[in-house]
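Start counting at 1 in the sequence shown, then tack on 268, and there's your number in the numbering used here.
Glycine included, C-beta positions come from ideal geometry on N, C-alpha and C.
As the structure is a computational prediction, the values presented were derived from the model and not from experiment.
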Amino acid sequence: MVALTLAIPLASGSGVRALAAFGGGTAVVNRLALVGAFFVVFIPASFSLVLALESFVGERERTTLEVLLSTPLREAEIYAGKVAAVLAVSLTLCYGGLLVYCLVTFPGLGYFPLAILLALALSTICQVAAMVAGAVIISLNARTMRAANVMASFIILPMSIALQAEAALILIGRAEYLWAFALLMLVVAVVFLRMGFNGFSREALLARDVGLRNPWRRAVNAVRGSFEGRPGLLRLVWMRRTPMLIAAAGFPIGAVAGYLAGATNVIPANVVRPVLTSLVRTTNASGAIDEALLIFSHNVLAFVLVAALAILTAGLSGFLLTFAPGFILGFAAALTSWTFALSGIVPNGFVEIPAAIIAGGLAIQIGAAAIHMDPSGGWTARVLAAFADYVRALRWLVPALAVASVLEVLLG
Numbered sequence: 269m270v271a272l273t274l275a276i277p278l279a280s281g282s283g284v285r286a287l288a289a290f291g292g293g294t295a296v297v298n299r300l301a302l303v304g305a306f307f308v309v310f311i312p313a314s315f316s317l318v319l320a321l322e323s324f325v326g327e328r329e330r331t332t333l334e335v336l337l338s339t340p341l342r343e344a345e346i347y348a349g350k351v352a353a354v355l356a357v358s359l360t361l362c363y364g365g366l367l368v369y370c371l372v373t374f375p376g377l378g379y380f381p382l383a384i385l386l387a388l389a390l391s392t393i394c395q396v397a398a399m400v401a402g403a404v405i406i407s408l409n410a411r412t413m414r415a416a417n418v419m420a421s422f423i424i425l426p427m428s429i430a431l432q433a434e435a436a437l438i439l440i441g442r443a444e445y446l447w448a449f450a451l452l453m454l455v456v457a458v459v460f461l462r463m464g465f466n467g468f469s470r471e472a473l474l475a476r477d478v479g480l481r482n483p484w485r486r487a488v489n490a491v492r493g494s495f496e497g498r499p500g501l502l503r504l505v506w507m508r509r510t511p512m513l514i515a516a517a518g519f520p521i522g523a524v525a526g527y528l529a530g531a532t533n534v535i536p537a538n539v540v541r542p543v544l545t546s547l548v549r550t551t552n553a554s555g556a557i558d559e560a561l562l563i564f565s566h567n568v569l570a571f572v573l574v575a576a577l578a579i580l581t582a583g584l585s586g587f588l589l590t591f592a593p594g595f596i597l598g599f600a601a602a603l604t605s606w607t608f609a610l611s612g613i614v615p616n617g618f619v620e621i622p623a624a625i626i627a628g629g630l631a632i633q634i635g636a637a638a639i640h641m642d643p644s645g646g647w648t649a650r651v652l653a654a655f656a657d658y659v660r661a662l663r664w665l666v667p668a669l670a671v672a673s674v675l676e677v678l679l680g
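Below, the structure is given as C-alpha cells:
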C-alpha cells in the first residue's frame, strides 16, 4: 500500500510534467493536473474498504473477537477505535500520495489550484469516512468474510457513482461544487456512523452464529412474515402521520421554491420550459385512451422508483415525490400566473396529490427504518415491514392513479 501510494503519484506527476515539457497546451495540462490529483487520492482511498470489511468479521474468523470484546472498553469506544484505526491508515495514505504528487507536479508549472486541492482534500475525508462507516456496519453484521465481500457491493456501486460525479466536478474546475459534494458526503458519513454506534452491541455480536443454514428458506419466511398482521390503509396513514406530514409539506415547499427559482431566474427558464412544453405536447399527441395510459404508466413508474430508491436516499425520494410536482407548478406560475398553473392540476390533483403524499410518507418511513439500527437487531424485519406497508398501500394507490389519469384526460 505504501509502495503504491508513492509509485502512483510519482508516475502521474511525471506524466503531467512530461506533457507540459513537450507542449501539451496550458489548458490541457492544467486539467490533467487536477485529474491526476483526484486519481492519486482515489487509489489509496479504495484500500479503506478492504480494511474496514476486515474490522469485525475478520477478527471473528481469526478467533480474536472474543478477546477484544472481553476488554473493559465500552461499546462506543470499541466501535470508534475500529473506525478511527481504518481512517487513520487510509487518510495517511491519501494525503501522503497527494503531497508527493503536488511536490512532483506543480513546482515550476505556473499553476497551483489551492482552492480546488483543499476542497478535494476535505471531500476525501468525508468520502472515506462514509465508505469506512458503511463497511464497518457490514463487517459488524456479516457472519463470514465471504458474505462481507458480497455485501460490499452495496457500498461499491453507490460510491462509484459518487466518484464519477466528483471527477466531473473536478473537470469543471469550480471549488464551490466540490465543497457541496463534501457536505453531502459528510451527511452520509454522519448517518452511517450514527447507525453503527446505535446498532453495536457486544452481546448481540457474540451471540451471532458464524453461519446459518437454508438462507433462501429464511429469506422467504422473512418476506412472508413481513406481510402478516399489517394494518389497513386508514390505520396505516394514522400510524405514519409524521412522515405523511413531511411528505405533504414537500408540495407547498416545492411550489414556493419553484416560484422563487422562476421569478429570480436562478434556474433559466429555457431549462425548465422544454419540460413543460413536452408535457403539454404529450397531453395532445394521441387519443384519450393512449394519453390516459401514458399518464398512468408514468405515475406508477414514479411510485415504484420512489420505493426502490428509498433505502439509498434515506427516504429523500419520498419527499421529492411531492416536492418535484410542486416545484414545476411554482415555476410555471412564475412564468405565467398561479391561475393558469393551478388549472393544470385540477381536478386530477385532488386524487393524485393525496396519493403522492401517502406514497411519499411510506417511502420516508422506509428510509427511516433503513437508517435506524438497534442493539437488539431486527433491522431486516423493520425494513421489510416498511416495504410491505408500501406494497399493500399500492392496492389503493394504483386505482387512484388510474382515476387521476382519466380525470386529467377528460376534464384537464
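Put residue i into one of helix, strand or coil per three-state DSSP.
i       : result
Arg-549 : Bear in mind that the predicted position of Arg-549 carries a pLDDT of just 48, short of 50, making it unreliable; the figure below should be weighed with that in mind. Note: Arg-549 maps to helix in three-state DSSP.
Glu-496 : coil
Phe-324 : coil
Ile-634 : helix
Glu-470 : The sequence shown places Arg at residue 470, rather than the Glu named in the question. The answer is helix: DSSP assigns Arg-470 an H, G or I state.
Thr-510 : helix
Ser-585 : helix
Ser-420 : The sequence given here places Ala at residue 420; Ser does not occur at that position. Note: Ala-420 maps to coil in three-state DSSP.
Arg-462 : helix
Ala-410 : coil
Phe-374 : coil
Thr-332 : coil
Met-379 : Going by the sequence as given, residue 379 is Tyr instead of Met. If DSSP states are grouped into helix, strand and coil, Tyr-379 belongs with coil.
Arg-442 : coil
Thr-604 : coil
Can you tell which of the options has its C-alpha closest to the C-alpha of residue i?
i       : options                               : result
Phe-374 : Arg-285, Ala-289, Ala-636 and Val-659 : Arg-285
Gln-395 : Phe-380, Leu-367, Leu-336 and Val-455 : Val-455
Gly-376 : Arg-342, Leu-577 and Ser-282          : Ser-282
Phe-324 : Leu-502, Pro-312, Val-351 and Val-572 : Val-351
Asn-466 : Glu-345, Glu-329 and Gly-497          : Glu-345
Ile-639 : Phe-460, Gly-526, Glu-676 and Leu-561 : Phe-460
Asp-558 : Arg-330, Gly-530, Val-677 and Ala-570 : Val-677
Leu-439 : Thr-604, Ala-656, Phe-307 and Asp-642 : Phe-307
Trp-385 : Pro-426, Glu-334 and Ala-450          : A small fix is needed here, since residue 385 is Leu in this sequence, not Trp. Considering only alpha carbons, the answer is Ala-450.
Pro-277 : Ala-601, Ala-672, Leu-665 and Tyr-363 : Tyr-363
Val-404 : Ala-448, Val-357, Ala-348 and Phe-519 : Ala-348
Arg-492 : Tyr-445, Leu-337, Thr-648 and Ile-621 : Thr-648
Leu-366 : Ala-275, Phe-591, Leu-652 and Ile-424 : Ala-275
Pro-242 : Ser-673, Leu-610, Thr-581 and Arg-660 : A question about residue 242 goes unanswered here, because the residues of the chain that appear run from 269 up to 680.
Val-372 : Val-335, Ile-311, Ala-305 and Ala-430 : Ala-305
Arg-660 : Gly-497, Leu-679, Leu-573 and Ser-605 : Gly-497
Ala-600 : Ile-535, Leu-562 and Val-651          : Ile-535
Glu-620 : Ala-668, Arg-509, Gly-612 and Val-368 : Ala-668
Between which two residues does the alpha helix (DSSP H) harbouring residue i extend?
i       : result
Asn-298 : 294-321
Asp-642 : Where Asp-642 is concerned, there is no enclosing alpha helix (DSSP H), given that its DSSP letter is neither H nor E.
Leu-341 : Premise fails: Leu-341 is in no alpha helix (DSSP H) and is neither H nor E.
Val-284 : 270-289
Ile-613 : From DSSP, Ile-613 is part of no alpha helix (DSSP H); its letter is neither H nor E.
Ile-535 : Element bounds for Ile-535: n/a, residue is neither H nor E.
Ile-579 : Where Ile-579 is concerned, there is no enclosing alpha helix (DSSP H), given that its DSSP letter is neither H nor E.
Write down the C-beta distance between residue i and residue j rounded to the nearest angstrom, noting that I regard them as a contact closer than 8 Å.
i       : j       : result
Ala-443 : Ala-383 : 4 Å
Asn-616 : Leu-569 : Their Cβ separation, rounded to whole angstroms, is 17 Å, which puts Asn-616 and Leu-569 out of contact at 8 Å.
Ile-632 : Pro-511 : 4 Å
Asn-409 : Leu-321 : No, Asn-409 and Leu-321 are not in contact; Cβ-Cβ is about 12 Å, not under 8 Å.
Met-399 : Leu-319 : Going by Cβ atoms, the distance from Met-399 to Leu-319 rounds to 10 Å, so no, they are not a contact pair.
Gly-635 : Gly-594 : Not quite, the Cβ-Cβ distance comes to about 19 Å (not below 8 Å), so this is no contact.
Ala-531 : Ala-602 : 5 Å
Gly-629 : Gly-586 : 7 Å
Phe-564 : Ala-670 : 6 Å
Ile-626 : Val-505 : 6 Å
Leu-355 : Ala-397 : 6 Å
Gly-526 : Thr-590 : That belief does not hold up - the Cβ atoms of Gly-526 and Thr-590 are roughly 12 Å apart, past 8 Å.
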